[in-house]
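A quick write-up on the structure given underneath.
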Amino acid sequence: MKSIPHICILFNAVVWGLIWIPMQWLNNQGLSVILTTFFSYLLLSGLLIAIKPSSILKVFQSKTLILMAIAYGLTNICFNWAVTNGDVVRVVFLFYLMPIWAAIFAKLVLSENIGIKGLVRILLAVLGLLIVLDIFDQLSFVFDINFYEVLAILGGIFFGFANVLLRKSKTSSSFNRSIAIFLGSCLVPFFILIISFLLIGYESFANAIENLKNINNSGFTIVFVVVIMALALGTANFFLQYGGSKLLVKTTSLLMVIEIPVAIFSSALLTNKTTELSVFIGGGLIVLTAIWASFDQRYDK
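Read in order, the letters of the sequence shown correspond to residues 2 to 302 in this note's numbering.
Okay, structure coming up:
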């Protein structure tokens with residue numbers, strides 16, 4: 002069926018649009034987002050390594066795959082941390098500045114030309130960012146941004162860099178790329194946990210460890226949710242690679258934007274938070290910029 006690749010990309014977008022729900026629930030149960038991310042990708046990494054143990058050597062023999070692993074690891078921990086604790090709508094919009102960072106990294110790493118249209122898109126996205134952050138409110142020019150929204154922006158930057166490295170590693174097999182992504186997404190939170198032990202006196206790091214002690218009697222349910230979430234993330238990754246290999250980049254990029262309305266509507270249904278009009282206006286500019294960028298791709302997968 003010709004629609005299968007499209008369905009695969011849509012599945013990936015829906016998973017990432019809804020991932021905040023189990024993440025937030027697990028966090029409320031006492032399993033911090035750092036631990037949740039670590040356990041989820043530890044499971045996925047273990048499964049793939051068990052299937053093909055020799056592939057881990059190929060990952061560590063490639064500088065590109067190592068960098069890609071680190072970039073995806075930082076992407077996942079930043080996004081998961083932000084979307085679990087921050088305002089879901091603002092976080093998703095800020096994260097979707099990613100195409101702009103990807104264009105910049107493509108220029109730096111792959112020597113791709115940004116062009117006039119690329120510069121205009123960057124300016125529009127920055128304008129959208131400033132509107133989301135409400136910098137023009139009463140001409141105060143003060144950034145209305147918190148720690149989790151900074152993480153969302155950083156996550157988008159790392160994701161843009163990771164996507165450029167993914168294109169650079171196109172000679173590697175999908176299996177090896179997946180192992181690199183899962184390993185990086187496991188090892189980055191692992192090292193953050195090590196820092197947590199070293200800096201246990203600092204509350205922001207101590208919470209990752211202390212919350213683990215407060216897990217209530219729903220231990221089996223927590224394990225079940227982590228396993229299901231890990232399988233969903235793993236399936237989404239494979240579907241993205243399969244669908245992306247069959248479709249034009251612009252088609253893949255457009256379908257992935259579905260993540261935004263999924264996150265917005267699920268947040269509206271499950272929370273009582275209201276979102277300011279400025280967030281939707283600025284976020285709309287960011288989304289339109291991403292869609293425009295998807296129509297201006299000069300390459301196919």
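Just so it is clear, CB atoms sit at the ideal spot from N, CA and C, and this is done for glycine as well.
- If you look at Y73, you'll find it in the alpha helix (DSSP H) that goes 64 to 86.
- When secondary structure is reduced to three states using DSSP, S173 falls in the coil class, being assigned neither helix nor strand.
- Inter-segment contact for the segment 146 to 155 and the segment 187 to 203 is absent: fewer than three beta-carbon pairs are separated by less than 8 angstroms.
- Judged by their CB atoms, A181 and V60 are nearer to each other than the 8 angstroms cut-off.
- With a cutoff of 8 angstroms on beta-carbon distance, G87 and A163 are scored as not near each other.
- Inter-residue distance for A104 and I115 is about 7 angstroms (C-alpha atoms, whole angstroms).
- The Cβ atoms of I193 and I78 lie closer than 8 angstroms to each other.
- CA-to-CA, the gap between Y97 and V15 works out to about 15 angstroms.
- S33 and L111 have their alpha carbons spaced roughly 37 angstroms apart.
- Under the three-pair Cβ rule at 8 angstroms, the segment 217 to 237 counts as touching the segment 38 to 56.
- Going by DSSP, Y97 is part of no alpha helix (DSSP H) at all; its letter is neither H nor E.
- Here L45 is actually not in contact with L289; their C-beta atoms are around 34 angstroms apart, not less than 8 angstroms.
- When DSSP states are grouped into helix, strand and coil, S112 belongs to the coil group.
- Here the alpha carbon of E150 sits roughly 6 angstroms from the alpha carbon of V92.
- Out of L184, W293, L120, the CA that lies nearest to the CA of I67 is found in L184.
- In its chain, beyond the 5 residues on either side, I101 have a beta carbon closer than 6 angstroms to the beta carbon of I123.
- Assigned with DSSP and collapsed to three states, N147 falls in coil, not helix or strand.
- Following the DSSP letters along the chain, one finds N273 in no alpha helix (DSSP H), marked with neither H nor E.
- Boundaries for S55: no alpha helix (DSSP H) harbours it, and the DSSP string shows neither H nor E there.
- Only exposed fits V224, as fewer than 16 other CB atoms lie within 10 angstroms of its CB.
- Assigned with DSSP and collapsed to three states, L32 falls in coil, not helix or strand.
- A check of alpha carbon separations from F240 across I10, L167, K3 identifies I10 as the nearest.
- The C-beta of T172 has fewer than 16 other C-beta atoms within 10 Å across all chains shown, which makes the residue exposed.
- For the pair S170 and R178, the Cα-to-Cα distance works out to about 8 angstroms.
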